[in-house]
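Some notes on the structure that comes next.
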Amino acid sequence: MGQLIGKLMSIFGKQEHRVIIVGLDNAGKTSIPYPFLKNEAVPACPTIRSNVEKIVLQKTHFFMWDIRGEEALCSAWNTYYSNADVRGVPGLGGAV
Ligand SMILES: Nc1nc2c(ncn2[C@@H]2O[C@H](COP(=O)(O)OP(=O)(O)OP(=O)(O)O)[C@@H](O)[C@H]2O)c(=O)[nH]1
Ligand SMILES: [Mg+2]
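Dropping the structure here:
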């Protein structure tokens, strides 16, 4: 997670960024933004299709999408991927 946040911080300059997080089921995708969301608990259930959270760091807004890893949804990853500024895969070393 540190590498992902480091990547986000390194591209400051824009006021708004779109981030997608893809990975296998139960990899921890939905949990990533929650340390930055005060008073919100991580959902206890698996994501149905996708989930989006907005976090604000130093006046920069990040829209963080996480997309369920089940095989039937993998074909939709490309749509999210091509519209994102930052992509992250939990467990594979951070952001690209
Ligand atoms: N030990 C540990 N557990 C974690 C971590 N991040 C998430 N978890 C736990 O892993 C489980 C799955 O987390 P989610 O964030 O829901 O995973 P997900 O990838 O969104 O899962 P799907 O929506 O089913 O694809 C939960 O029980 C979390 O509490 C972590 O960094 N360490
Ligand atoms: Mg999830």
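Take any residue in the sequence shown, count from 1 to its spot, add 1: that is its number in our numbering.
Glycine residues also receive a C-beta, built at the ideal position from the N, C-alpha and C atoms.
All figures in this text were calculated on a predicted structure; none of them were measured in a lab.
Secondary structure of N52 (DSSP, three-state): strand. In this structure, Y82 places its C-beta atom within 9 Å of the C-beta atom of V23. From the listed residues R50, Y35, A45, the smallest Cα separation to V57 is found for Y35. Within the same chain, Cβ atoms closer than 8 Å to the Cβ of P44 are found at T31, N52, the five residues on either side in sequence being excluded. Judged by DSSP in its simplified three-state form, T61 adopts strand. Taken from the Cβ of R88, every heavy atom of ligand 1 lies 8 Å or farther away.
With 6 Å as the limit, the residues whose C-beta approaches a heavy atom of ligand 2 more closely than that are K30, T31, P47, T48, N52, D67, in chain order.
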